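Visitor: Residue numbers are given in numbering that gives the first Met the number 0: position 194 of the sequence shown equals residue 193, and the series is strictly consecutive.
Ideal Cβ placement from N, Cα and C applies to all residues, glycine included.
Quantities reported herein were computed from a predicted structural model and do not represent experimental measurements.
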Amino acid sequence: MFSQHEKQTLKKRIYKVKLELPPPATVYSDEPDLFTKNDLYYERISSGSLRLRVGGAYLFTVQSWFNRVFTLAHELAHSIDPCELRNIHFSLPAYDRLSACLMSQKIISVTKNRSECAENDQLSETFADWIAVQITSKALKKFATEFDHEQILHAVTNSVKDLCEQEEFLNEMDNTLHPRPEIRIEKVFGLNPIIQEILGCQPSTSAEVYCDFNWTSKGNEHAL
Numbered sequence: 000m001f002s003q004h005e006k007q008t009l010k011k012r013i014y015k016v017k018l019e020l021p022p023p024a025t026v027y028s029d030e031p032d033l034f035t036k037n038d039l040y041y042e043r044i045s046s047g048s049l050r051l052r053v054g055g056a057y058l059f060t061v062q063s064w065f066n067r068v069f070t071l072a073h074e075l076a077h078s079i080d081p082c083e084l085r086n087i088h089f090s091l092p093a094y095d096r097l098s099a100c101l102m103s104q105k106i107i108s109v110t111k112n113r114s115e116c117a118e119n120d121q122l123s124e125t126f127a128d129w130i131a132v133q134i135t136s137k138a139l140k141k142f143a144t145e146f147d148h149e150q151i152l153h154a155v156t157n158s159v160k161d162l163c164e165q166e167e168f169l170n171e172m173d174n175t176l177h178p179r180p181e182i183r184i185e186k187v188f189g190l191n192p193i194i195q196e197i198l199g200c201q202p203s204t205s206a207e208v209y210c211d212f213n214w215t216s217k218g219n220e221h222a223l
């Protein structure tokens with residue numbers, strides 16, 4: 000799937016991300032209002048440094064540990080998403096296979112004016128969602144044996160609850176950068192094999208496939 004060189008490049012990129020978490024308030028001297036907000040986001044600044052900024056109110060407003068896992072994983076995934084890697088002139092065949100699948104399954108919107116990694120493209124955000132689901136599903140599976148059925152249902156729901164609540168707050172820019180919340184929940188999160196196993200879902204008989212790094216367009220089969 001990934002060569003040793005590819006793995007090392009991805010790891011170095013992730014380790015390069017600096018976590019910025021107050022206190023003190025001076026951590027956000029360039030953006031002081033973030034100290035009181037519940038925002039959490041990744042960014043690459045002009046110096047080339049990578050950072051993950053956590054608003055001062057975030058840890059107090061998010062109650063679900065699994066939702067924190069999902070959100071942190073999503074933002075950290077941006078450090079290695081296809082568009083960020085393009086910035087360092089690095090590409091991965093496995094990424095290309097995953098991206099092709101996400102487009103074939105109509106998870107990434109492919110419009111006439113779409114330009115990959117441009118402002119009107121959903122690739123970066125969809126990739127971050129996909130990575131976040133891989134990590135969150137493993138966290139849920141680890142604790143599934145310790146929870147009863149009702150508890151695990153709550154845990155699964157809470158992990159993406161903020162996506163459900165986004166619908167009424169979406170604006171045109173959100174719709175451009177992200178797939179619709181129902182697509183993110185149903186096709187990226189809900190079709191994950193581990194999530195379906197945890198929920199006790201029956202194997203799907205639909206034509207939908209779950210995208211991964213091994214996908215190939217030939218017969219919608221997976222590459223060996």
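According to DSSP, simplified to helix, strand and coil, what is I87?
Guide: Your numbering for residue 87 matches position 88 in the sequence shown. Coil, per DSSP.
Visitor: Taking one C-beta from the segment 97 to 117 and one from the segment 55 to 63 each time, how about it: are there three or more such pairs within less than 8 angstroms?
Guide: Touching, no.
Visitor: Pick out whichever of L97, F1, E30 has its Cα sitting closest to the Cα of W214.
Guide: On the sequence shown, position 215 is the one that residue 214 refers to. Out of L97, F1, E30, L97 has the C-alpha closest to the C-alpha of W214.
Visitor: For K140, does the three-state DSSP call read helix, strand or coil?
Guide: Position 141 of the sequence shown, counting from 1, holds the residue named residue 140. The answer is helix: DSSP assigns K140 an H, G or I state.
Visitor: Does the structure place the segment 130 to 143 close enough to the segment 71 to 80 that three or more beta carbon pairs sit under 8 angstroms?
Guide: Touching, per the Cβ criterion.
Visitor: Where do the N-terminal and C-terminal ends of the beta strand (DSSP E) with E42 fall, by residue?
Guide: By one-based count along the sequence shown, residue 42 stands at place 43. Segment 39 to 43, the beta strand (DSSP E) holding E42.
Visitor: In whole angstroms, what is the alpha-carbon distance linking A76 and D147?
Guide: What you label residue 76 is simply residue 77 of the sequence shown in a count that begins at 1. What you label residue 147 is simply residue 148 of the sequence shown in a count that begins at 1. Those two C-alpha atoms are separated by around 31 angstroms.
Visitor: Residues bridged to K17 by DSSP?
Guide: Taking the sequence shown and counting its residues from 1, one reaches residue 17 at position 18. For K17, which the question treats as bridged, DSSP gives the partners R50.
Visitor: Between C200, V159, E196, P192, which lies nearest to I182 when the distance is taken from Cα to Cα?
Guide: Here the question's residue 182 lines up with position 183 in the sequence shown. Ranking C200, V159, E196, P192 by Cα distance to I182 puts V159 first.
Visitor: Per DSSP, which one or two residues make a beta bridge with W129?
Guide: What you label residue 129 is simply residue 130 of the sequence shown in a count that begins at 1. Note: W129 sits in no beta bridge, so no partner.
Visitor: Please confirm whether L33 and I79 have their CB atoms less than 8 angstroms apart.
Guide: For the purposes of this step, residue 33 is taken as the residue at position 34 of the sequence shown. For the purposes of this step, residue 79 is taken as the residue at position 80 of the sequence shown. In this structure, I79 does not lie closer than 8 angstroms to L33 by Cβ.
Visitor: Just to confirm the assignment, what range does the alpha helix (DSSP H) spanning H148 have?
Guide: As a working note, residue 148 is residue 149 in the sequence shown. Counting along the chain, the alpha helix (DSSP H) containing H148 begins and ends at 148 to 158.
Visitor: Is the separation between the beta-carbon of E207 and that of Q104 shorter than 8 angstroms?
Guide: The residue you call residue 207 lines up with position 208 of the sequence shown. The residue you call residue 104 lines up with position 105 of the sequence shown. Taking 8 angstroms as the Cβ cut-off, E207 and Q104 qualify as a contacting pair.
Visitor: Figure out for me which residue from S46, T175, I87 has the closest Cα to the Cα of Q121.
Guide: For the purposes of this step, residue 121 is identified with residue 122 of the sequence shown, where counting begins at 1. Residue T175 is the option with its Cα nearest to Q121.
Visitor: In this structure, how does DSSP classify V26 when only helix, strand and coil are distinguished?
Guide: Position 27 of the sequence shown holds residue 26. Note: V26 maps to helix in three-state DSSP.
Visitor: Along the chain, where does the alpha helix (DSSP H) that runs through I106 open and close?
Guide: The residue you call residue 106 lines up with position 107 of the sequence shown. Counting along the chain, I106 falls outside any alpha helix (DSSP H), and DSSP gives it neither H nor E.
Visitor: So, helix, strand or coil for K186, using DSSP?
Guide: Stepping through the sequence shown from its first residue, residue 186 is reached at position 187. If DSSP states are grouped into helix, strand and coil, K186 belongs with the helices.
Visitor: Going by beta carbon distance, what residues of the same chain come within less than 7 angstroms of F212, once the five residues before and after it are set aside?
Guide: Residue 212 sits at position 213 when you count from the first residue of the sequence shown. Within the same chain, F212 has close Cβ partners M0, A93, R96, L97.
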